[in-house]
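Chains as they are written, first to last, in our numbering: chain A, 117 to 367; chain B, 1044 to 1144.
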Amino acid sequence: MIRRSIIAAAVGFVLVAATPLAAVAQVEEARPPVAERSEIRPERDLAGIKARALEAIDRRLDRIARLEEEVRSNEHVEPEHAEDLLGELSRAATGLSGLAEEIEAAETAEELRVLIPKIATDYRVYVLLTPKVREVLIADAMGDLADRFDEAAARIADAIARAEEAGYDVSEAETALERMESLVDEAEGLAEGVPPAVLPLTPSDWPDPAQGVIREAHDDLVEARQAFRGARDAAHEAVRALRAAIGDDEV
Amino acid sequence: MQRILGAALLLVAGCATSGGSPGTSPVVPVATVVESADGTSSVSSSFGASAVTTTATVPVSTTTTTVPEVDVDLSELDALFDEVEDALGSLDMNEGEGDLP
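Structural data, given as structure tokens:
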């Protein structure tokens, strides 16, 4: 009985020990020889890497085309800002197209290792160019908005003057108008500082100082929006107060 | 205007009543204009001791001040504000360049 157990254990040990060896042998047979592997794999890898790099360039070229359209179709952008932005977008598109040709022509992994990072570092399409264009467009639109506020303020002031001349109490409307004008000044000051801050930034400025400048410009525009929102409310309040003062039915 | 109208009426009334007998002194008409709270003005006239009163009523409303018009349309301003707000809302500050192989 004891002898049978010893034999069974010995047989089991042999089977367990032999199985991994057999498995390893099968894997070794499935893999190509070392010399063959070194010829095939880099070629496949290079083609795949190139394809992905070219896709990354195409995405950036699409983004640039979209930004160009945004600038061209924008009716608020200052002409000199549009010229600067379109020039920069055009140079980026040309540069990326040239880089795509270099990547296609590359024959070694070492070449790709040098060329591919340039897609990001030489153009910064997503982190710099895109927010820069859009921040300038928004700032210029805010400049137009400030002009419209000024026109509205002039009309409200004129209506207030006529009502006051006719003997109506216009103090509430005047207070709202003053608040509106003050908020418009604040918003305009914030917005007009954005284009001169972001337009000179280049990809070589990334991350410092460009990252901070872009973020600060964004924050200024958000703050300007808040001020414009308050100014808009004050404009409506001034008109409402004036109509209430003179007993206008449209209040 | 009320007073002009009153004077005209007095003149008509005076001509009708002061034609009297020759040798008497000309009678100077006296006119009084009273503006009442009910929106009318009354013009009364008298001629010496033998008073003759003529009354004309003129609505006061013809002399009220015109209400100033508030011709301020903020809809265009609102539309541009919404446009700016939408543009700012779509500004994505979290994009990266992390799509490279």
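Beta carbons: idealized from backbone N, C-alpha and C, even for Gly. In this text the structure is predicted, and so the values were computed from the model without any measurement.
Here the segment 162-181 of chain A does not lie against the segment 269-288 of chain A, with fewer than 3 beta-carbon pairs under 8 Å apart.
Annotation for A198 (chain A): V187 place their beta carbon closer than 7 Å to its own, counting only its chain and skipping 5 residues before and after. When C-alpha distances from E353 (chain A) are compared across A:D321, A:I276, A:D335, the shortest belongs to A:I276.
Cβ-Cβ separation between A222 (chain A) and L212 (chain A): approximately 15 Å, too far for a contact (criterion under 8 Å).
Taking 8 Å as the cut-off, the Cβ atoms of L215 (chain A) and I173 (chain A) count as close. Contacts with chain B at 8 Å (Cβ-Cβ) include T246 (chain A). Listed along the chain, the chain B residues whose CB falls inside 8 Å of the CB of M258 (chain A) are V1127.
Close to H197 (chain A), with beta-carbon spacing below 7 Å, lies no residue of chain B; the smallest spacing is near 15 Å. Listed by position along chain B, the residues whose Cβ is nearer than 9 Å to that of L253 (chain A) are A1130. Taking the beta carbon of V243 (chain A) as reference, the chain B residues within 8 Å of it are E1138, G1139, E1140, listed in sequence order. Residues of the same chain with a CB within less than 6 Å of the CB of M258 (chain A), apart from the 5 flanking positions on each side, are A307, A340 in chain order. Annotation: L1123 (chain B) to P1144 (chain B) spans about 42 Å, alpha carbon to alpha carbon. In this structure, V1113 (chain B) lies away from L201 (chain A), with their beta-carbon atoms at least 8 Å apart. Between L261 (chain A) and the set A:D301, A:D161, A:A208, A:I219, the nearest pair of CA atoms involves A:D301. Taking a Cβ-Cβ cut-off of 9 Å, I219 (chain A) has no neighbours in chain B, whose nearest Cβ is about 10 Å from it.
R278 (chain A) belongs to the set of residues whose beta carbon lies under 8 Å from a beta carbon in chain B.
As the crow flies, the alpha-carbon of A282 (chain A) is around 18 Å from that of A270 (chain A). Per the C-alpha coordinates, the member of A:S206, A:K248, A:K234 positioned closest to E217 (chain A) is A:K234.
For L205 (chain A), the CB contacts under 6 Å within the same chain, skipping 5 residues up- and downstream, are I180, L183, E184 in chain order. In the DSSP annotation of this structure, the continuous segment of the alpha helix (DSSP H) that includes D274 (chain A) starts and ends at 246-281.
Take the alpha-carbon of L299 (chain A) and the one of T210 (chain A): they are about 43 Å apart. Following the DSSP letters along the chain, one finds S189 (chain A) in no alpha helix (DSSP H), marked with neither H nor E. With respect to the 8 Å criterion, Y242 (chain A) and G1139 (chain B) are classified as neighbours on the basis of their beta carbons. In the three-state scheme derived from DSSP, where H, G and I count as helix and E and B as strand, G214 (chain A) is classed as helix. In this structure, DSSP gives M296 (chain A) a helical state, which the three-state scheme calls helix. Under the criterion of beta carbons closer than 8 Å, V1115 (chain B) and I330 (chain A) do not qualify as touching, at roughly 38 Å. For I232 (chain A), the secondary structure class from DSSP, reduced to helix, strand or coil, is coil.
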